[in-house]
Each structure stands twice: as structure tokens, then as C-alpha cells.
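*Asks:* Be aware that the sequence shown starts at 381, since it is given in our numbering, and climbs by one per residue.
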Amino acid sequence: MKRIAVFTSGGDAPGMNACIRAVVRGAVYHGIEVFGIRRGYNGMINGDIFQMTSHSVSNIVQRGGTILKSARSKEFMTPEGRAKAHEQLQKFGIEGLVAIGGNGTFTGATLFYDEYGIPTVGAPGTIDNDLYGTDYTIGFDTAVNTALEAIDKIRDTADSHDRIFIIEVMGRDSGYIAIQSGIAGGAEMVMVPEVLTPISEVVNTLKQGFVRSKSSSIVVVAEGEEEGSAVEVAEKISKLIDEELDMRVTTLGHIQRGGIPTAYDRILASRLGLGALEGLMNGEKNVMAGVINNELVYTPFRDTIRLPKPISEDLLRMVKILSV
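1) Quickly, what does DSSP pair glycine 513 with across the bridge? List them, please.
2) Less than 6 Å between C-beta atoms, sequence neighbours within five positions excluded: which residues of the same chain meet that for glutamate 664?
3) Among Gly604, Met432, Gly482 and Ile691, which one has its Cα closest to the Cα of threonine 631?
4) Taking the alpha-carbon of glutamine 431 as reference, which of Asn666, Gly505, Arg535 and Ile474 has the nearest alpha-carbon?
5) Taking the alpha-carbon of threonine 446 as reference, which of Val699, Arg646, Ala656 and Glu658 has the nearest alpha-carbon?
6) Exposed or buried, which one is isoleucine 534 when buried takes at least 16 other CB atoms within 10 Å?
7) Measure from the alpha carbon of alanine 393 to the alpha carbon of each residue in Tyr421, Ala402, Ser434 and Lys449, then state which is nearest.
8) Let me know the secondary structure DSSP gives glycine 452 once reduced to three states.
9) Does the separation of the CB atoms of leucine 482 and proline 499 fall below 8 Å?
10) Taking 7 Å as the limit between beta carbons, can you name the residues of its chain near alanine 530, skipping five residues before and five after?
11) Around the Cβ of alanine 643, are there at least 16 other Cβ atoms within 10 angstroms (buried) or fewer (exposed)?
12) What does isoleucine 496 pair with, by DSSP beta-bridge criteria?
13) Per the DSSP calculation, glutamate 675 is bridged to which residue(s)?
14) With a cut-off of 8 Å on the beta carbons, I'd call alanine 451 and asparagine 422 a contact; round off their distance for me.
15) Per DSSP, what are the beta-bridge partners of serine 436 in this structure?
16) Taking the alpha-carbon positions, what's the glutamate 675 to valine 613 distance?
17) Less than 8 Å between the CB atoms is what I'm expecting for alanine 402 and leucine 654, so what's the real figure, rounded?
18) From the DSSP output, in three-state form, read off valine 386 for me.
19) If you scan the segment 628-688 from start to end, which runs of the alpha helix (DSSP H) of 4 or more residues do you find wholly inside it?
20) Inspect the CB distances between the segment 553-561 and the segment 690-703 and report whether three or more fall short of 8 Å.
21) If contacts are defined as beta-carbon pairs under 8 Å, then valine 591 and methionine 571 qualify, I think. What distance do you get, rounded to the angstrom?
22) Restricting to Cα atoms, I'd like to know which of Leu696, Arg682 and Asp622 is closest to tyrosine 512.
23) Return the Cβ separation of threonine 506 and glycine 395 in integer angstroms, given the expectation that the two are a contact with Cβ distance under 8 Å.
24) Closest by CA to serine 597, which one among Pro578, Glu574, Met627 and Ser618?
25) On a CA-only basis, which of Gln588, Gly427 and Ala527 is nearest glycine 555? Give me that one, please.
26) For valine 748, I'd like the list of residues in its chain whose CB is within less than 8 Å of its CB, leaving aside the five on either flank, ordered along the chain.
27) On a CA-only basis, which of Ala669, Ser593 and Ser703 is nearest leucine 477? Give me that one, please.
28) Using DSSP with H/G/I as helix, E/B as strand and the rest coil, what is valine 572?
29) Taking the alpha carbon of glycine 565 as the reference point, which residue from Ser618, Leu469, Lys454 and Asn525 has its own alpha carbon closest?
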């Protein structure tokens, strides 16, 4: 393989730039021409492709977001869109791809290979940590620390005013950000999509806190929680507790996606970027590079897309015990 391209797709995640850097500098080291594709599959369709050098990725390892930009492409999910993308790759003589993204990115890459035989190796770039085949995804650690910093500050206000705060963090299908930021932030309850947590159980925990003269409480809610958003959870709690509550709701939102990546995310992203490149060089295709038990592994895209990544029962147990 003499010429490859790298792109980012889907939601941005801190550490994506470190991953791009590893792919580009790894390619230069191995004597492979490397191109960047701007704005994901949209850029592939539109031919927004340019050659990259070692200098192209100077001074980006510490930056959040992605220098290649990102986008979601409805056109690529059509046969016509993929035909255009293939035509553009042929123009540049690109033989393989490194895709940095999540489920949607890898679904597109699988369809593309089935139709045109362009091999792709993925690097898991998503703050949700919801991909089967890796212990952690690029951006997750930074997102947890961003959420934790907010929870710590909110805790100060909760203590000062004897309030209950319901804090919503990202995680439409995964509760990993909620569970880890909740444990680290000393939350009284954590509500995640993977496990049904009845409002009655939340109310019971809060009432037990009242009995122990606990004057403030934090409940962390993942956005995909079955009981609803943080606002809906707060409304349901109010209906089940007779006494008047001083309760507030905070939704952290997209603040969790941005910011300077942590050292862990920079190292993980660098390892996965180089692993994806070298996997492509060694004949891997339609797989995601991941790290499990500190070992680099490759998992077929179809498994990363299809198989669920269960949340740790130990973490759920910790929340219950440590809230007492």
C-alpha cells in the first residue's frame, strides 16, 4: 500500500487531532503517502482531499476538536453518494482509509468496502465509550473530566444552599460518562440507559439522605435514561416527595465534547492512530483498532456495530454502596 487517506466523521472528540497526527507521522515514517479528507464522507464525495506531511500535523496534539473537520453525511448512505466518493478516491490513487469515528462511520466504511473493495481500519473516536472492541474510546477520559469539573462546582452551590441538583450528561445509548463522573463526583444516584432505575428508587435514596441530615444531593442522569431527561426526572421526583424541595436542573450538553484532551486521551489516540495505520499496512480491513487489557486488538466493524458494550456491574454496585 503506497497511498492512504485519513478522515474524521460523526461527533468530534478530544484527542482526534492526536490520532490524526499519529496516522500522518506513522505514514511518513513508513514511506507511505498520506492524504487528509476534510468533513468526513461529505468531503470524500466532494473531493475535498489534500496531501499531508509531517508539518501538516505540527502543534495539534494538544488541541481539541479535529483539524480535518467532521460532518454527518446522508448522501454517503446512498449508492449514488458512495459512487461519487469512490470516483474521487480513484482520482487521488488512494488505496486504503483510516476512519476516526464511531458506529455510523464504521457502518459507512463497511458498505463502501462491500461495493468497491476499499479497505478501512477504524480508530474509535467518540466521547460515549460505547464501542465494542476497546476498553476506552478517544475523548471519553476528557469528557468525564469535563463533566466532573462541572459536578464539583455544582456541588459547592448545592452545599451552600441545601439543594438537590439533577445533572444531565451526554450518553444517548451509553451511561459510561454518567457512571464514572458520578462516582468521582460523589453523586448520590446515577441513572444510565443500560439499567432501569425507577424514580421510586431515586426518591427512596434522597429520603434516606434526609433522615441522615444530608442537606444536599447530586443525581447524575445520562441523556438516554429511560425515565427521561434531567428535567423530566426532576418533575417526577417532585411529584413523589410531599415536602417542598429546593431542586435545580443542569444540562451540561456539548461542553463535554470540547476542550484540551487529557494526557490519557492523547496517548490512547496516538496508539490507536498508529495501530490503525499499521493494521492497514499489514492487510487488516473492515476492523477497528482498540485497546483491551492494555493490548492492541482489531475487532471487525460488524461486531463493533452490532454487539453491545455492557456497563460494568462493579461500577453500578459502587454507586449504590458509596451513596450510603
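Quick reminder that beta carbons are idealized off the backbone N, C-alpha and C, glycines included.
*Replies:* By the coordinates alone:
1) Beta-bridge pairing links glycine 513 to no other residue.
2) Non-local C-beta neighbours of glutamate 664 in its own chain, meaning closer than 6 Å and more than five positions away in sequence, comprise Val501 and Tyr678, ordered along the chain.
3) Gly604
4) Ile474
5) Arg646
6) buried
7) Closest option to alanine 393, Cα to Cα, is Lys449.
8) Inspection of the sequence shows that residue 452 is occupied by arginine rather than by glycine. Coil.
9) It should be noted that the sequence gives glycine, not leucine, for residue 482. No, they are not a contact pair.
10) Leu632
11) exposed
12) Note on identity: in this sequence residue 496 is tyrosine, with isoleucine being the wrong assignment. BP columns for tyrosine 496 are empty, so no partner.
13) Ile672
14) That belief holds up - the Cβ atoms of alanine 451 and asparagine 422 are roughly 5 Å apart, short of 8 Å.
15) Bridge partners of serine 436: none, in fact.
16) 40 Å
17) 5 Å
18) The three-state secondary structure of valine 386, taken from DSSP, is strand.
19) 643-661 and 681-686
20) yes
21) 22 Å between Cβ atoms; not a contact.
22) Arg682
23) With a Cβ gap of about 10 Å, threonine 506 and glycine 395 do not count as contacting.
24) Met627
25) Ala527
26) The chain is shown from 381 up to 704; residue 748 falls before or after that span and cannot be answered.
27) Answer by Cα proximity: Ala669.
28) coil
29) The shortest CA-to-CA distance from glycine 565 to any of Ser618, Leu469, Lys454 and Asn525 is the one to Asn525.
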